[in-house]
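Quick note: to get the working numbering, add 20 to the position in the sequence shown (first position is 1). The structure under discussion appears below in the form of structure tokens.
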Amino acid sequence: MKNFFQKILVGDKYLIAFIMLLAIFSLLPGFSASSSIEYAAQTGTVFGQFGKQLAFLIIGLAILFSVQVVDYKYIGGMAVIALPIVVILLIWTLLQNNSIDGANASRWLKIPGIPLTIQTSTFAGLVLMIYVARYCTIIRDKKVTFLETLIWVLLPVFAVVGLIFPANGSTAIILFTMVMMMLFIGGYPIKYLIVIGGIIVFCGTLFVMGALKYGDDMPNTRVHTWKNRIERYIDPSDNSIEEWQETNAKAAIVEGGQFGKGPGKSAIKHTLPQASSDFIYAVIIEEYGAIGGIALIFIFLMILFRIMVIATKVHTYFGSLLVIAVGIPIIFQAVINMGVAVGLFPTTGQPLPMISFGGTSLWITCLALGIILSVSSQIKTKEELETKKISEEVIQDIA
Numbered sequence: 021m022k023n024f025f026q027k028i029l030v031g032d033k034y035l036i037a038f039i040m041l042l043a044i045f046s047l048l049p050g051f052s053a054s055s056s057i058e059y060a061a062q063t064g065t066v067f068g069q070f071g072k073q074l075a076f077l078i079i080g081l082a083i084l085f086s087v088q089v090v091d092y093k094y095i096g097g098m099a100v101i102a103l104p105i106v107v108i109l110l111i112w113t114l115l116q117n118n119s120i121d122g123a124n125a126s127r128w129l130k131i132p133g134i135p136l137t138i139q140t141s142t143f144a145g146l147v148l149m150i151y152v153a154r155y156c157t158i159i160r161d162k163k164v165t166f167l168e169t170l171i172w173v174l175l176p177v178f179a180v181v182g183l184i185f186p187a188n189g190s191t192a193i194i195l196f197t198m199v200m201m202m203l204f205i206g207g208y209p210i211k212y213l214i215v216i217g218g219i220i221v222f223c224g225t226l227f228v229m230g231a232l233k234y235g236d237d238m239p240n241t242r243v244h245t246w247k248n249r250i251e252r253y254i255d256p257s258d259n260s261i262e263e264w265q266e267t268n269a270k271a272a273i274v275e276g277g278q279f280g281k282g283p284g285k286s287a288i289k290h291t292l293p294q295a296s297s298d299f300i301y302a303v304i305i306e307e308y309g310a311i312g313g314i315a316l317i318f319i320f321l322m323i324l325f326r327i328m329v330i331a332t333k334v335h336t337y338f339g340s341l342l343v344i345a346v347g348i349p350i351i352f353q354a355v356i357n358m359g360v361a362v363g364l365f366p367t368t369g370q371p372l373p374m375i376s377f378g379g380t381s382l383w384i385t386c387l388a389l390g391i392i393l394s395v396s397s398q399i400k401t402k403e404e405l406e407t408k409k410i411s412e413e414v415i416q417d418i419a
């Protein structure tokens, strides 16, 4: 049994411990918040939703522990192969124009033959971040022209972000922001970043003006949704569905107090359409109080700390950039989700990693964490080899 766990737990033990805490933490609030799905649908039982989430979690952990034994040096090449595939998947997703239970689901891709839908933008974001980390490694200490970077990195970035944007504008903006941050950390020329930033600001300004002017002419579209969110952010007093959701989320936090109402006793979850995903942090605080909310923040902070430790200890430049590329988005997403729940940010539709109900986000998060564990296992292996070499040299000197 000991040998079995030694083979399975090859990565950073502290990071694995915090991941397991997060996995356990996800089950109880997930069970509670998922009841709002059945409350709205009036079908099945809450245990059915809990069973689905448990199955998603088991598959996710299997992905995590499988990926951690893969040599991370091959992952950059895999991203190059996967990039054109995700572009095709994103195009396919847009062309399907899906709906789920009558609601617009243009960001989801139905898998033919099986009752499963996946959010392709989540996988595309991970692949793109790894691709950018690899590119920054390649151009390290090299002088590159803007045209070269346009062909090999900017066109793929704009292709992926541009295909995500029509169906999921907030995810596209967040992904582009993280890519720019990754390029900055990876040593991409500052003057090129300034040019790109200027172009994006100009285009973004035109988009906001266009959405505000023509959004009402396109009802039941993402443009109309963007218009409402922009207006809500400018004028918080605007009476809209999203304001109603945010108000209920804040009420749930107030109701939770210091110690919470107790597991499964949230009342406001039934009035929140996205209680099991976008606003699950509010449900957690209502049921487990400020203590539960702070405990969850602490777990994410410890995961961030271990990510930074691994990124600084890894012996290769690509390994360091890879850990940052796949790890920071997890923390970034958690901050945004929690910020939306407490009213710091406008509604974005971002899930809480490993906590929100659903398979795609959970699996991609586990895939990313598995990659980080793969890098950390290489650090441990190299340190063990160096220690063994030093010990052998000492023995030889004594002899």
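Beta carbons: idealized from backbone N, C-alpha and C, even for Gly.
Three-state secondary structure assigned by DSSP to residue i
i: Ile138; result: strand
i: Lys93; result: helix
i: Leu372; result: coil
i: Leu324; result: helix
i: Leu364; result: coil
i: Tyr208; result: coil
i: Pro186; result: coil
i: Val395; result: helix
i: Lys281; result: coil
i: Gly312; result: helix
i: Gly378; result: coil
i: Ser297; result: coil
i: Gly145; result: helix
i: Gln88; result: coil
i: Leu35; result: helix
i: Leu203; result: helix
i: Val106; result: helix
Residue i and residue j closer than 8 angstroms at C-beta
i: Ala43; j: Leu74; result: no
i: Leu129; j: Thr140; result: yes
i: Leu195; j: Val173; result: no
i: Phe70; j: Ile319; result: no
i: Gly80; j: Cys386; result: yes
i: Ile351; j: Leu324; result: yes
i: Ala272; j: Ala302; result: yes
i: Ile327; j: Ser376; result: no
i: Ile150; j: Leu342; result: yes
i: Ser394; j: Val199; result: no
i: Gly423; j: Gly312; result: Only positions 21 to 419 of the chain appear in this structure, which leaves residue 423 out of reach.
i: Leu183; j: Ile111; result: yes
i: Val177; j: Ala144; result: no
Buried or exposed (CB count within 10 angstroms, at least 16 for buried), residue i
i: Arg160; result: exposed
i: Cys156; result: buried
i: Tyr94; result: exposed
i: Ala354; result: buried
i: Thr197; result: exposed
i: Trp383; result: buried
i: Leu203; result: buried
i: Thr165; result: exposed
i: Ala99; result: buried
i: Ile392; result: buried
i: Phe338; result: buried
i: Asp121; result: Residue confidence for Asp121 is low, a pLDDT of 45 falling below 50, so the modelled location carries little weight and cannot support an answer.
i: Lys33; result: exposed
i: Ile348; result: buried
i: Gln278; result: exposed
Beta-bridge pairing of residue i - partner residues as DSSP gives them
i: Lys163; result: Paired residue(s): none; Lys163 is not in a bridge.
i: Trp128; result: Gln139
Nearest to residue i (by Cα), restricted to the options the options
i: Pro209; options: Gly230, Glu168, Phe227, Ala179; result: Glu168
i: Leu115; options: Phe318, Val199, Ala187, Phe143; result: Ala187
i: Ala153; options: Cys386, Arg326, Gly207, Gln88; result: Gly207
i: Ile356; options: Ser297, Gly282, Tyr308; result: Ser297
i: Gln88; options: Leu35, Leu109, Ala102, Ser46; result: Leu35
i: Gly276; options: Glu306, Leu183, Ile375; result: Glu306
i: Thr113; options: Phe185, Asp91, Lys162; result: Phe185
i: Leu41; options: Ile311, Val90, Met374, Ile158; result: Met374
i: Thr267; options: Thr367, Thr225, Gly189, Gly390; result: Thr367
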